[in-house]
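In the numbering used here, the protein residues as written are -7 to 444.
Since the structure comes first, as structure tokens, the remarks are kept for the end.
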């Protein structure tokens, strides 16, 4: 049997090889490190997992597609963006993961997101593989017509690589209901098929699922509530800081309020708002989703209870809970130290990898319950899979049924992570529990299907 020391040495060698084979991709390196550094116990205990080639295959995408996306703006000028789709692992089912439209998108970012998605999707238990895609296109400030032309050009290439039994994209940052609609329309026009299951996040009137827009935020709050219950507490009366002001943040704030907690912040790239009365979700939706404005507008309209802090960081606001819901690496070690000084009890990731490794380690050493994104924000992809099931049956479920399923899935994910961490000698470590539980499910399927 391989010892933990030997396993650790082999993993260190593999991490070095990953950095060598994937240069200038720091986000992917970070994601690989975060997972592999927790796998030594399971590789030592399960020799079949330590056989040469299994982990090496797991960290190498099955397929990487890069393509140009030419489109015309309203003045007739031609722009050329770059499109990506990384189909990472399909051992458990068709590739599943969102599309991100943001200037920061590059291959390394998409690979990090796709790698995270493999484990996240495995934790749902719903038979979906992991993938991710997107473009460095920035929809902010663009007209609906410009966004439509971009989406049509993007799908003109992407359609070759997706399908309800192959790869099922969804939305992510910069890709909401508007973009999904334009993408689906172009897919339908090109293929001459009403293949509803090829994209998720669709409108409820044409194949979408109720509760899908809310699912990531709702699920994150449900996971945070489960972590608190494990410690003998609940959400009632707790104060929370939430970063971001997009879909995930909005519905995180909404669910916190529904369960008796009070979210007092939201943010965007210009700064953050602190609202002593608690964020008014309906006003935030109006500003961000309807008007596509900035959070300073929210503060102006809210009145004396709210103030806008330009360039600030929400983590400096004292709270019981922190739910980072914006983007990767938004919460660093200094922020984590501030949260600990202010008495934070739990941090649950609504975004993908929003806390740096140094921040995660500091929070864990300080006894803070920490829910990693691959577990805590799995609600979005879980309801996407439920949307696929509804599409397959050509039916739709009530909001109550979808939310009941979401609650069950998030509680099951919490239980799985908690029990797996205990089983491998890391009680209370949800990072280790999530990584090992997701790894075991994917690895078992890969071993059963042979070397492919």
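By construction, the Cβ of each residue, glycine as well, lies at the ideal position given by its N, Cα and C atoms.
To the nearest angstrom, report how far apart residue i and residue j are at their CA atoms.
i, j, result
"residue 40", "residue 435", "9 Å"
"residue 391", "residue 188", "19 Å"
"residue 201", "residue 323", "32 Å"
"residue 304", "residue 327", "11 Å"
"residue 114", "residue 152", "25 Å"
"residue 100", "residue 14", "8 Å"
"residue 334", "residue 354", "14 Å"
"residue 461", "residue 5", "Any property of residue 461 remains undetermined from this structure, which presents the chain solely from -7 to 444."
"residue 211", "residue 405", "10 Å"
"residue 278", "residue 350", "36 Å"
"residue 431", "residue 111", "6 Å"
"residue 78", "residue 60", "15 Å"
"residue 196", "residue 144", "21 Å"
"residue 419", "residue 17", "32 Å"
"residue 223", "residue 337", "10 Å"
"residue 35", "residue 25", "15 Å"
"residue 318", "residue 346", "7 Å"
"residue 83", "residue 49", "11 Å"
Give the C-beta separation of residue i and residue j to the nearest angstrom, bearing in mind that I take them to be a contact with Cβ-Cβ under 8 Å.
i, j, result
"residue 257", "residue 213", "The Cβ separation is near 15 Å, so there is no contact."
"residue 31", "residue 427", "7 Å"
"residue 396", "residue 365", "Between residue 365 and residue 396 the Cβ distance is about 23 Å, and since that is not below 8 Å, they are no contact."
"residue 109", "residue 146", "Between residue 146 and residue 109 the Cβ distance is about 19 Å, and since that is not below 8 Å, they are no contact."
"residue 413", "residue 425", "3 Å"
"residue 164", "residue 91", "6 Å"
"residue 227", "residue 248", "7 Å"
Measuring alpha carbon to alpha carbon, tell me which of the options ends up nearest residue i.
i, options, result
"residue 74", "95, 64, 87", "95"
"residue 107", "191, 29, 20, 31", "20"
"residue 208", "401, 6, 411, 410", "401"
"residue 64", "136, 85, 78, 45", "136"
"residue 394", "231, 298, 205, 271", "205"
"residue 124", "251, 306, 162", "162"
"residue 170", "56, 156, 191, 184", "191"
"residue 66", "141, 93, 216", "141"
"residue 449", "284, 253, 283, 86", "Past the edges of the chain, shown from -7 to 444, lies residue 449, and the structure says nothing about it."
"residue 37", "-1, 47, 11", "-1"
Spell out the partners DSSP gives residue i in its beta bridges.
i, result
"residue 399", "Beta-bridge pairing links residue 399 to no other residue."
"residue 267", "298"
"residue 127", "75, 93"
"residue 383", "Residue 383 pairs with nothing; no bridge assigned."
"residue 160", "88"
(message) Measuring CB atoms only, is the segment 356 to 364 touching the segment 378 to 396, in the sense that at least three cross pairs come out at less than 8 Å?
(response) no
(request) Give a yes or no on contact between the segment 362 to 379 and the segment 118 to 133, applying the rule of three or more CB pairs nearer than 8 Å. (result) yes
(request) Mind the definition here: the segment 226 to 237 touches the segment 252 to 272 only if three or more C-beta pairs lie below 8 Å; say whether that holds. (result) yes
(message) For the structure I just gave you, are there three or more beta carbon pairs, one from the segment 275 to 295 and one from the segment 311 to 321, closer than 8 Å?
(response) no
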